[in-house]
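Numbering (this note's numbering), first residue to last: 36 to 201. Even for Gly, the Cβ is constructed at its ideal location relative to N, Cα and C. One structure below.
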(Lines of atoms letter the chains of each structure in order from A and count residues from 1; the text may use other names and numbers.)
(Lines give C-alpha, C1' and ligand atoms only; values in the text may rest on other atoms or scores of the structure.)
Protein backbone atom coordinates (compact mmCIF):
# COMPACT_ATOMS: atom_id res chain seq x y z
CA UNK A 1 0.00 0.00 0.00
CA UNK A 2 1.37 3.39 -0.93
CA UNK A 3 1.82 6.23 1.54
CA UNK A 4 -0.80 8.25 -0.28
CA UNK A 5 -3.41 5.51 -0.24
CA UNK A 6 -2.62 4.72 3.42
CA UNK A 7 -3.37 8.27 4.50
CA UNK A 8 -5.11 10.91 2.41
CA UNK A 9 -8.12 9.04 1.02
CA UNK A 10 -9.21 7.99 4.52
CA UNK A 11 -8.64 11.46 5.95
CA UNK A 12 -10.58 13.07 3.11
CA UNK A 13 -13.43 10.56 3.40
CA UNK A 14 -13.77 10.94 7.16
CA UNK A 15 -13.58 14.75 7.07
CA UNK A 16 -16.40 14.67 4.54
CA UNK A 17 -18.40 12.53 6.96
CA UNK A 18 -17.61 14.92 9.80
CA UNK A 19 -18.87 17.83 7.72
CA UNK A 20 -22.16 16.00 7.10
CA UNK A 21 -22.43 15.22 10.82
CA UNK A 22 -22.01 18.93 11.56
CA UNK A 23 -24.74 19.73 9.05
CA UNK A 24 -27.05 17.39 10.98
CA UNK A 25 -25.96 19.03 14.22
CA UNK A 26 -26.77 22.47 12.81
CA UNK A 27 -30.23 21.29 11.74
CA UNK A 28 -30.72 19.74 15.20
CA UNK A 29 -29.74 23.00 16.90
CA UNK A 30 -32.00 25.06 14.65
CA UNK A 31 -35.00 22.77 15.14
CA UNK A 32 -34.62 22.94 18.91
CA UNK A 33 -33.70 26.63 18.99
CA UNK A 34 -30.28 25.87 20.49
CA UNK A 35 -27.59 28.46 19.88
CA UNK A 36 -25.03 26.67 17.62
CA UNK A 37 -22.25 28.17 19.75
CA UNK A 38 -23.49 26.05 22.66
CA UNK A 39 -22.83 22.84 20.72
CA UNK A 40 -19.46 24.09 19.48
CA UNK A 41 -18.40 24.77 23.08
CA UNK A 42 -19.78 21.50 24.50
CA UNK A 43 -17.42 18.96 26.02
CA UNK A 44 -17.91 15.50 27.49
CA UNK A 45 -15.95 16.19 30.66
CA UNK A 46 -14.62 19.35 32.33
CA UNK A 47 -11.00 18.48 31.49
CA UNK A 48 -11.67 17.65 27.82
CA UNK A 49 -11.44 20.03 24.90
CA UNK A 50 -14.74 21.27 23.41
CA UNK A 51 -16.25 20.18 20.11
CA UNK A 52 -14.66 23.14 18.30
CA UNK A 53 -11.17 22.06 19.39
CA UNK A 54 -11.82 18.43 18.48
CA UNK A 55 -12.66 19.49 14.93
CA UNK A 56 -9.79 21.97 14.72
CA UNK A 57 -7.29 19.30 15.79
CA UNK A 58 -8.73 16.70 13.41
CA UNK A 59 -8.36 19.21 10.56
CA UNK A 60 -4.86 20.22 11.66
CA UNK A 61 -3.78 16.59 11.89
CA UNK A 62 -5.05 15.86 8.37
CA UNK A 63 -3.58 18.95 6.73
CA UNK A 64 -0.33 18.51 8.66
CA UNK A 65 -0.05 14.98 7.36
CA UNK A 66 -0.50 16.03 3.77
CA UNK A 67 1.87 18.97 4.11
CA UNK A 68 4.64 17.14 5.95
CA UNK A 69 4.63 14.14 3.65
CA UNK A 70 4.42 16.19 0.43
CA UNK A 71 6.83 18.89 1.54
CA UNK A 72 4.41 21.74 0.82
CA UNK A 73 3.37 24.45 3.23
CA UNK A 74 0.12 23.77 5.04
CA UNK A 75 -2.43 26.56 5.10
CA UNK A 76 -2.66 28.27 8.48
CA UNK A 77 -6.03 28.44 10.13
CA UNK A 78 -6.66 30.54 13.20
CA UNK A 79 -8.57 28.60 15.84
CA UNK A 80 -11.41 31.11 15.96
CA UNK A 81 -14.41 28.98 14.97
CA UNK A 82 -17.23 29.49 17.46
CA UNK A 83 -20.21 27.88 15.75
CA UNK A 84 -21.13 24.92 13.57
CA UNK A 85 -21.11 26.87 10.29
CA UNK A 86 -17.58 28.12 10.92
CA UNK A 87 -16.44 24.60 11.83
CA UNK A 88 -17.94 23.26 8.60
CA UNK A 89 -16.00 25.92 6.69
CA UNK A 90 -12.78 24.84 8.40
CA UNK A 91 -13.40 21.29 7.21
CA UNK A 92 -14.12 22.57 3.70
CA UNK A 93 -10.85 24.55 3.71
CA UNK A 94 -8.94 21.50 4.91
CA UNK A 95 -10.51 19.29 2.25
CA UNK A 96 -9.69 21.83 -0.47
CA UNK A 97 -6.03 21.75 0.57
CA UNK A 98 -5.84 17.96 0.83
CA UNK A 99 -7.40 17.54 -2.61
CA UNK A 100 -4.56 19.57 -4.17
CA UNK A 101 -2.06 16.90 -3.13
CA UNK A 102 -1.25 14.04 -5.48
CA UNK A 103 0.00 10.51 -4.93
CA UNK A 104 3.24 11.51 -6.68
CA UNK A 105 3.90 14.10 -3.97
CA UNK A 106 3.39 11.63 -1.11
CA UNK A 107 4.35 8.17 -2.32
CA UNK A 108 7.88 7.16 -1.45
CA UNK A 109 7.91 9.08 1.86
CA UNK A 110 7.98 5.95 4.05
CA UNK A 111 11.45 6.85 5.35
CA UNK A 112 11.09 10.63 5.27
CA UNK A 113 12.17 12.25 8.55
CA UNK A 114 9.23 13.94 10.28
CA UNK A 115 9.69 15.97 13.46
CA UNK A 116 6.81 17.32 15.51
CA UNK A 117 7.60 19.91 18.15
CA UNK A 118 5.14 20.59 20.92
CA UNK A 119 5.73 22.85 23.94
CA UNK A 120 6.69 19.97 26.23
CA UNK A 121 7.82 17.21 23.87
CA UNK A 122 9.32 16.56 20.43
CA UNK A 123 8.50 13.48 18.37
CA UNK A 124 10.66 12.12 15.58
CA UNK A 125 9.29 9.65 13.06
CA UNK A 126 9.92 7.96 9.76
CA UNK A 127 7.07 8.84 7.40
CA UNK A 128 5.34 5.46 7.69
CA UNK A 129 5.49 5.56 11.49
CA UNK A 130 4.23 9.15 11.49
CA UNK A 131 1.12 8.04 9.58
CA UNK A 132 0.51 4.83 11.53
CA UNK A 133 1.53 5.85 15.05
CA UNK A 134 0.51 9.52 15.14
CA UNK A 135 -1.68 10.79 12.30
CA UNK A 136 -4.29 8.06 12.06
CA UNK A 137 -4.71 7.41 15.81
CA UNK A 138 -4.78 11.13 16.62
CA UNK A 139 -7.17 11.95 13.80
CA UNK A 140 -9.60 9.16 14.70
CA UNK A 141 -9.45 10.06 18.39
CA UNK A 142 -10.60 13.62 17.69
CA UNK A 143 -13.10 12.51 15.03
CA UNK A 144 -14.64 10.00 17.43
CA UNK A 145 -14.69 12.48 20.30
CA UNK A 146 -16.49 15.05 18.11
CA UNK A 147 -19.02 12.38 17.14
CA UNK A 148 -19.44 11.40 20.81
CA UNK A 149 -20.03 14.98 21.92
CA UNK A 150 -22.76 15.51 19.33
CA UNK A 151 -24.36 12.13 20.00
CA UNK A 152 -24.36 12.91 23.72
CA UNK A 153 -26.09 16.23 23.00
CA UNK A 154 -28.90 14.35 21.26
CA UNK A 155 -27.99 14.84 17.62
CA UNK A 156 -29.54 11.92 15.77
CA UNK A 157 -26.45 10.39 14.21
CA UNK A 158 -25.26 6.82 14.11
CA UNK A 159 -22.49 4.57 12.91
CA UNK A 160 -23.55 4.99 9.29
CA UNK A 161 -23.02 8.77 9.62
CA UNK A 162 -19.57 8.20 11.09
CA UNK A 163 -18.52 5.68 8.44
CA UNK A 164 -20.31 7.38 5.54
CA UNK A 165 -20.69 5.69 2.17
CA UNK A 166 -18.43 2.70 1.93
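In terms of residues, what are the limits of the beta strand (DSSP E) holding residue i?
i           : result
residue 161 : 157 to 161
residue 55  : Where residue 55 is concerned, there is no enclosing beta strand (DSSP E), although the alpha helix (DSSP H) it sits in stretches over 38 to 66.
Please go through the same chain and pick out, in chain order, the residues whose beta-carbon is closer than 8 Å to the beta-carbon of residue i, but skip the five residues on each side of it.
i           : result
residue 120 : 61 and 71
residue 146 : 161, 162 and 163
I'd like the list of long-range same chain contacts for residue i, defined as Cβ closer than 7 Å, with 5 residues on each side in sequence excluded.
i           : result
residue 186 : 192
residue 41  : 166
residue 48  : 199
residue 149 : 103, 160, 162 and 165
Bridge partners for residue i per DSSP, in chain order?
i           : result
residue 152 : 157
From which residue to which residue does the alpha helix (DSSP H) around residue i run?
i           : result
residue 173 : 171 to 187
residue 114 : Careful: residue 114 lies outside any alpha helix (DSSP H) and carries neither H nor E.
residue 92  : 86 to 105
residue 166 : Run containing residue 166: none; DSSP gives neither H nor E here.
residue 70  : Where residue 70 is concerned, there is no enclosing alpha helix (DSSP H), given that its DSSP letter is neither H nor E.
residue 197 : 194 to 198
So residue i and residue j are supposed to be a Cβ contact under 8 Å. How far apart are they, rounded?
i           : j           : result
residue 136 : residue 101 : 5 Å
residue 189 : residue 63  : 7 Å
Determine, using beta carbons only, whether residue i and residue j come nearer to each other than 9 Å.
i           : j           : result
residue 104 : residue 50  : no
residue 93  : residue 85  : no
residue 181 : residue 69  : no
residue 38  : residue 141 : yes
residue 123 : residue 59  : no
residue 174 : residue 96  : yes
residue 87  : residue 134 : no
residue 126 : residue 57  : yes
Taking 6 Å as the limit between beta carbons, can you name the residues of its chain near residue i, skipping five residues before and five after?
i           : result
residue 158 : 151
residue 132 : 98 and 110
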